[in-house]
Structure formats: C-alpha cells, structure tokens
Amino acid sequence: MASSTADPSSISHNASLCLPHHPPRAASVTLSLFYTLLLVFSALGNILALCLACRKGKKVNSTGVYLVHLAVSDLLFTLVLPGKITYYVLDFSWPFGEGLCRLTAFTFYVNTYGGIYLMTCVSVDRYLAVVHTHQCPHLRRVGRARLVCVAVWALAVLQTMPLLLISMTKPVAGKITCMEFVSVKGFFRLPLIVLGACVISFCGPVGIMLFCYLKITMKLCRTARDNPLTSEKGHHRRACLLILMVLVAVLVCFSPYHLNIIQFMGRQLLSQPSCSEQRAFQVSLQLTVSLMNMNCGIDPIIYFFASTHYRKWLLRLFKLRASEPSSPSSLGRASSETQSINQTTGSRPLEENKV
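Numbering of the sequence shown is given in full-length UniProt numbering, commencing with residue 1 and proceeding in unit increments.
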C-alpha cells in the first residue's frame, strides 16, 4: 500500500497542518431540530407498534417476532437521542463525559447493524413464506425466529463492543466533540477495519435482501399471471409495492453512509487525504449519518403498510376511522380480496399481515 511506504514525518506534518474544522452554527441548529423531530416520531411510532403487539393477545408469527425486535432496537436508539440533541444545541459540545459518549456510539451502531440484520431476517422470512410456502414451514416457527433474534443481538453487540474501548471525544476549538471523525481518524488500521465491517455488515445483508425481494416479486407476478382474479384485484401490485418500499427504505437510509465510508477509506489506503478532502468527508458524514438515523423513523411507516391491525388501530387512535370503507359493497370487496391473498400465498387469513 502507498500509505505504508510514505514518509511518516511528512504524514505527521500534513496532519498537523490540517486543523480540525468546527461546523457552522447553522449546522448545529439544523441537526438539533432534525433529531428532535426524529425522536418524537420514532418514539411514538415504535411505542404504538409494541403496544399493539402486546395488546392483541394472539399468537405472533415469525414476521411479527422480527418486527417487534426491530421496534425494540429503534426505541433503544431513541434513548440516546436526547444526548445527541443536547450536543447539537450546545454547538457540537459534549457535556456528558467520555463514558457516555462511548455508550452513545455503542448504542448507535448496535441499532444500525441490528436493524440491518433484522430487516434481512424479515426478507428471508418473507422469501420462505411466499416462494417456499410448503417446503420450509419449520424454518418459520416462532421459537426459531426468537433464537435468530438472540443471535442477531449477540452479533451486533460483539462487533460493536470495540467502540467501548476507543476514545470518542476530542477537544476542538475549545469544545469537546463526540463521535466525530477527528476522534478516531488516527486509529491503527482504521481503513481496513472499516472496509471489512462495511462488506460484512452492509454489502452482504443488502445482497441477501435484493435476492429475496427479486424472487418474491417474480413469484407474485407469476401467480398474478396465472390467477386472473388476483391480477384484477391488484394484490400482486400492492405486495410488490410494499416490497419495493422496504427495499428503498433500506437503500436510502444505509447506502449513502456506507458508500461514502467505502470510497473515502479506499482512497485513504492509497494516499493521505488532503485537508479539503477530510473536511468534505466530515460534512458528508453529518448528512449521511442523519439519513441512516432516519431508519428508526421510517420503520413505523413500514409497520403501517405491512400490518392491517396496526393501520386500523392507528387510524382509530387519530379518529380517522371514517376513512376506512364501511359500506356493504366495500366489505364484500375486502372479503374477496382476503380470500384471493390466501389463494396466492397458501396461508391462513390475516396471518401474514400481523405485526
């Protein structure tokens, strides 16, 4: 590698010339408002999802197990949002000490990669339910889904544990920053570690999700072609829309951050980045991290479209029940649509739509 053969004194000299850049006040105001809105929306949406999961009193299926754990992961992340909001309100100044900064970083990345792994589990579960409806029922048992969730949490915690051993704060312009690139950029072999983590924790799961959703879409389209009733009712289009919405949510939230990290760390392996490149990367990190954090606010929207119970209960909670179809003809259409879905997936009524 070029970086390993470069003169250490020149690298140190270049690093000393590249002084830490403090973001403008407008950035701290914007980020504090963004995370405040995210805190409110994510907390309300995920608490409602968990309340409904505990309230309905019926046996949850494997999909419901993964979605409940996803809601728990998002709620754990909201616990650290007040600290991040305070950090931005104080203009990128962390008042809570090194220990809480490390704990915030640990919780942040546990939620990030735990969420990616759980979304991958949902994808595989949907793939087995739609494409292999009768071949692999034992793989979708609730007990097995719970064991998979335990493994997901263990993997996310183990791979994020080293963050508790790394200093996450650094004095910059008379203030203490937290979880900024300047705090960790001198870490030994950081580019190789980050690139390996991105391949394992992002590229692999996204590849699995793309495969699953491609197979599901092909199966639904083939079923719609063979079943004119299903095609007329448009169930395959709605199912494909839901699949596309989940996939787009994952790509929009997580892809910009990881692609940004991959390109910068890849270039850092070849040569020492200039000051302008490092500052541009720090600005892009603020934007892409904000996008990635939006996943905890987008997940309740996915619950809304994925679960009939969640949607009806939420509409009733906000006194919007009048928007639900109540005429006999619409009830008849809903009944026929339910029967058509059951013919398509070979499952019991409403079983696959419960959170």
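Cβ coordinates follow ideal geometry from the N, Cα and C atoms, glycine included.
- The alpha carbon of Leu147 has as its nearest neighbour, out of Pro137, Cys121, Gln282, His132, the alpha carbon of Cys121.
- Nearest Cα to Leu270 within the set Leu192, Ser123, Val29: Leu192.
- In this model, Thr177 and Ser255 are separated by some 25 Å (Cα to Cα).
- Residue environment for Gln135: exposed (fewer than 16 other C-beta atoms within 10 angstroms of its C-beta).
- A straight-line Cα-Cα distance of about 15 Å links Leu79 and Phe96.
- Exposed is the label assigned to Gln263, since fewer than 16 other Cβ atoms lie within 10 Å of its Cβ.
- Glu98 and Val182 have their C-alpha atoms spaced approximately 15 Å apart.
- Secondary structure within the stretch 70 to 141: the alpha helix (DSSP H) runs of 4 or more consecutive residues, fully enclosed, are 81 to 89, 97 to 130 (chain order).
- If the five residues before and after Leu139 are omitted, its C-beta is found closer than 8 Å to the C-beta atoms of Leu128, all from its own chain and listed in chain order.
- Following the DSSP letters along the chain, one finds Pro171 inside the beta strand (DSSP E) bounded by residues 169 to 172.
- The beta carbon of Ala249 is closer than 6 Å to those of Ile298 in its chain, skipping five residues each way along the sequence.
- In the same chain as Phe281, and ignoring 5 residues on each side of it, the C-beta atoms closer than 8 Å to its own belong to Phe181, Asn260, Phe264, Pro273, in chain order.
- For Thr177, the pairing in a beta bridge is given by DSSP as Lys170.
- Rounded to the nearest angstrom, the Cβ distance from Cys296 to Asp74 is 4 Å, consistent with a contact under 8 Å.
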